[in-house]
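Here is the structure we will look at.
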Amino acid sequence: MNYEVTIGLEVHVQLKTRSKMFCGCATQAGAEPNTQICPVCLGYPGTLPALNRE
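Just so it is clear: in the sequence shown, position 29 is 31 by this note's numbering, and no numbers are missing.
What follows is the structure, given as structure tokens:
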């Protein structure tokens, strides 16, 4: 038997940015829960995430 080794890595990182990666919502620490969200953050049907250039 021939086996092919496949190794995958799952990395969780926290970026120090002022806005999220796929929308313009703020990322201020200590804000009230569920106040820095939008339809893209929530993954609503029909929303199309795009990379935030900021």
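Glycine residues also receive a C-beta, built at the ideal position from the N, C-alpha and C atoms.
> Per DSSP, alanine 28 forms a beta bridge with which residues?
Replying inline: Under DSSP, the beta-bridge partners assigned to alanine 28 are Ser21.
> What is the residue span of the alpha helix (DSSP H) that proline 51 lies within?
Replying inline: Boundaries cannot be given for proline 51, as no alpha helix (DSSP H) includes it and DSSP labels it neither H nor E.
>> Just to confirm before moving on: does the CB-CB distance between proline 47 and phenylalanine 24 stay below 9 Å?
In response: Not a contact, by the Cβ cut-off of 9 Å.
> Is cysteine 43 helix, strand or coil by DSSP?
Replying inline: If DSSP states are grouped into helix, strand and coil, cysteine 43 belongs with the helices.
>> Quick check: asparagine 54 and lysine 22, are their CB atoms within less than 9 Å of each other?
In response: It is a contact, given that the beta carbons lie within the stated cut-off.
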